[in-house]
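Under mature numbering (1 follows the signal peptide of the UniProt record, and there is no 0), the residues of the sequence shown are numbered -23 to -1, 1 to 231, in order.
Don't be surprised by glycine CBs; every beta carbon is placed ideally from N, CA and C.
So the structure is just underneath, and the comments pick up after that.
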Amino acid sequence: MQPFGCAITAFLFLAGLAGETFAQSATSPAPAGPTNITAILEKAGQFGTLIRLLRSTQVGDQINNQLNNSNTGLTVFAPTDNAFSSLPSGTLNSLTDQQKVALIQFHVLPTAVAASQFQTVSNPLRTQAGDASNGRYPLNVTTMGTQVNLSTGVVDATIANTIYSDSKLAVYQVDQVLLPLEIFGPPAPAAAPAPAEAKKQKPSPVAEGPSTPSTDATDASAGERPLLGFGVVRGRCAKTSVDGGETLSERRCR
Ligand SMILES: *[C@@H]1O[C@H](CO)[C@@H](O)[C@H](O)[C@H]1NC(C)=O
Ligand SMILES: *[C@@H]1O[C@H](CO)[C@@H](O)[C@H](O)[C@H]1NC(C)=O
Ligand SMILES: *[C@@H]1O[C@H](CO)[C@@H](O)[C@H](O)[C@H]1NC(C)=O
Ligand SMILES: *[C@@H]1O[C@H](CO)[C@@H](O)[C@H](O)[C@H]1NC(C)=O
């Protein structure tokens, strides 16, 4: 009985460690070599849209370079595919390339924040999108016990899970896409002359995505294939979705 008991203890100990640092990694160790945000998200699953955006905006490369070349660390808030697909139709398509970059950078903090540290951070957090002042890119944290919520002034999100955590990188699953005020909020009170409104409509829930390729054609990822995730986000029952997207889009399409 003794050896058996030891084995159980050892297993529980290891399982506990794995659960703490990487929710789904009980079976295999972290990938060798430099930390790779894409590989971490691929392994965790259900982050196909975010992965595509990290590629097309090249923010994924920025993250990997920063992790390899600096000592300060990073935190990434990772919205699930469900979070992206619950955005109003056309939301991502309505963004310029620059706005897509800012949107993804808004999900990255320039330090590694451990889960326990959210209780003591001071609001607003500064993200990689820059200016955290009101009306720009503020991101606020509220906590209650171990529960951590994020507020952008446009959406309230909850941290659902720790996907990955080491001394330089923390990746958290969030249940909403963090939409920054600068892009998705009401027009700034003082400034902001109106003419832009005519050209550039705010994403509207009623917009049943036109089937034209629209802005995807001008995406930063020139030469790469277009962002297939947008078919899902637009709410169309796109059969073209690949990279594991079809399960998601089928589910969304009843
Ligand atoms: C990171 O991981 C992705 C997915 O596994 C892979 O395609 C990419 O080449 C990796 N990048 C580096 C710099 O190793
Ligand atoms: C990581 O940084 C080291 C030292 O700066 C460099 O030699 C190496 O090529 C970098 N690796 C990657 C994958 O960027
Ligand atoms: C976090 O958000 C959830 C859902 O909106 C809410 O029920 C909960 O009270 C919030 N918790 C904190 C600490 O703000
Ligand atoms: C964030 O917190 C700051 C400081 O408490 C506050 O002034 C600001 O209005 C908050 N912004 C949002 C979007 O919650």
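A175, buried or exposed, once every other Cβ within 10 Å from all chains shown has been counted against 16 = Sequence index remark: in the sequence shown, residue 175 carries index 198 (1-based). Residue placement at A175 is flagged as unreliable, the pLDDT there being 46, under the threshold of 50; a coordinate-derived value is accordingly withheld.
Can N117 be considered in contact with ligand 1, in the sense that its beta carbon sits closer than 6 Å to one or more heavy atoms?
-> In the sequence shown, the residue the question calls residue 117 occupies position 140. No, the beta carbon of N117 sits no closer than 6 Å to any heavy atom of ligand 1.
Mapping DSSP to helix, strand and coil, what is Q150?
-> For the purposes of this step, residue 150 is taken as the residue at position 173 of the sequence shown. Three-state result, Q150: strand.
Which residue comes first and which comes last in the alpha helix (DSSP H) that contains Q75?
-> Position 98 of the sequence shown, counted from the start, is the residue given in the question as residue 75. D74 to Q82 is the span of the alpha helix (DSSP H), which, as asked, contains Q75.
Within 6 Å: the Cβ of P163 and any heavy atom of ligand 4?
-> Within the sequence shown, the letter at position 186 stands for residue 163. Not under cutoff, so the answer is no.
Could you tell me the distance, in whole angstroms, from the CA atom of I40 to the CA atom of I14?
-> The residue given as residue 40 occupies position 63 in the sequence shown. The residue given as residue 14 occupies position 37 in the sequence shown. In a straight line, the C-alpha of I40 is about 7 Å away from that of I14.
Put P182 into one of helix, strand or coil per three-state DSSP.
-> Start at 1 with the first residue of the sequence shown, and residue 182 comes out as number 205. Residue placement at P182 is poorly supported in this model, since its pLDDT is 46, which falls under 50; the coordinates still yield a value, given next. Coil, per DSSP.
Starting from F54 and walking both ways along the beta strand (DSSP E), at which residues does that stretch end?
-> The sequence position of residue 54 within the sequence shown is 77, counting from 1. Per DSSP, F54 belongs to the beta strand (DSSP E) from L51 to P56.
Cβ of D38 within 7 Å of any chain D Cβ = The chain inventory of the structure shown lacks chain D, comprising one protein chain alone.
So what's G112 in DSSP terms, helix, strand or just coil?
-> The residue given as residue 112 occupies position 135 in the sequence shown. Three-state DSSP puts G112 in coil, outside helix and strand.
Between S125 and D74, what straight-line distance do the alpha-carbon atoms span, to the nearest angstrom?
-> As a position in the sequence shown, residue 125 is number 148, starting the count at 1. As a position in the sequence shown, residue 74 is number 97, starting the count at 1. First, the residue type needs correcting, since residue 125 is Val and not Ser in the sequence shown. The alpha-carbon atoms of V125 and D74 are separated by roughly 30 Å.
How many angstroms separate the CA atom of V148 from the CA atom of L72?
-> Working through the sequence shown from its first residue, we reach residue 148 at position 171. Working through the sequence shown from its first residue, we reach residue 72 at position 95. Answer to the nearest angstrom: the Cα atoms are 25 Å apart.
Across which residues does DSSP place Q124 in a beta bridge pair?
-> Start at 1 with the first residue of the sequence shown, and residue 124 comes out as number 147. DSSP output for Q124 lists M121 as bridge partner(s).
Contacting residues, own chain, Cβ-Cβ under 7 Å from T45 (five flanking each side not counted) = Against the sequence shown, residue 45 aligns to sequence position 68. According to the sequence as given, residue 45 is Asn; it is not Thr. Around N45: P11.
Can you give me the start and stop residues for the beta strand (DSSP E) that N42 sits inside?
-> Here residue 42 is taken as the residue at index 65 of the sequence shown, counted from 1. No beta strand (DSSP E) holds N42; the alpha helix (DSSP H) holding it covers V36 to N46.
Exercise answer, beta-carbon shell around ligand 1 heavy atoms below 7 Å | G10, P11, N13, T15, A16, E19 and N41
T97 - DSSP class collapsed to helix/strand/coil = Translated into the one-based positions of the sequence shown, residue 97 becomes position 120. Three-state DSSP puts T97 in a helix.
Please confirm whether T129 and P164 have their CB atoms less than 7 Å apart.
-> On the sequence shown, residue 129 is found 152 positions in, with the first residue counted as 1. On the sequence shown, residue 164 is found 187 positions in, with the first residue counted as 1. Result no, Cβ atoms of T129 and P164 do not sit closer than 7 Å.
Just to confirm, are A106 and A79 a CB contact at a threshold of 7 Å?
-> One-based indexing of the sequence shown puts residue 106 at position 129. One-based indexing of the sequence shown puts residue 79 at position 102. Yes, the pair counts as a contact, with Cβ atoms nearer than the cut-off.
Use the C-beta contact count for N70: other C-beta atoms within 10 angstroms, 16 or more gives buried, fewer gives exposed.
-> In the sequence shown, the residue the question calls residue 70 occupies position 93. Under this definition N70 is a buried residue.
Residues bridged to N138 (per DSSP) | Working through the sequence shown from its first residue, we reach residue 138 at position 161. According to DSSP, N138 bridges with Q150.
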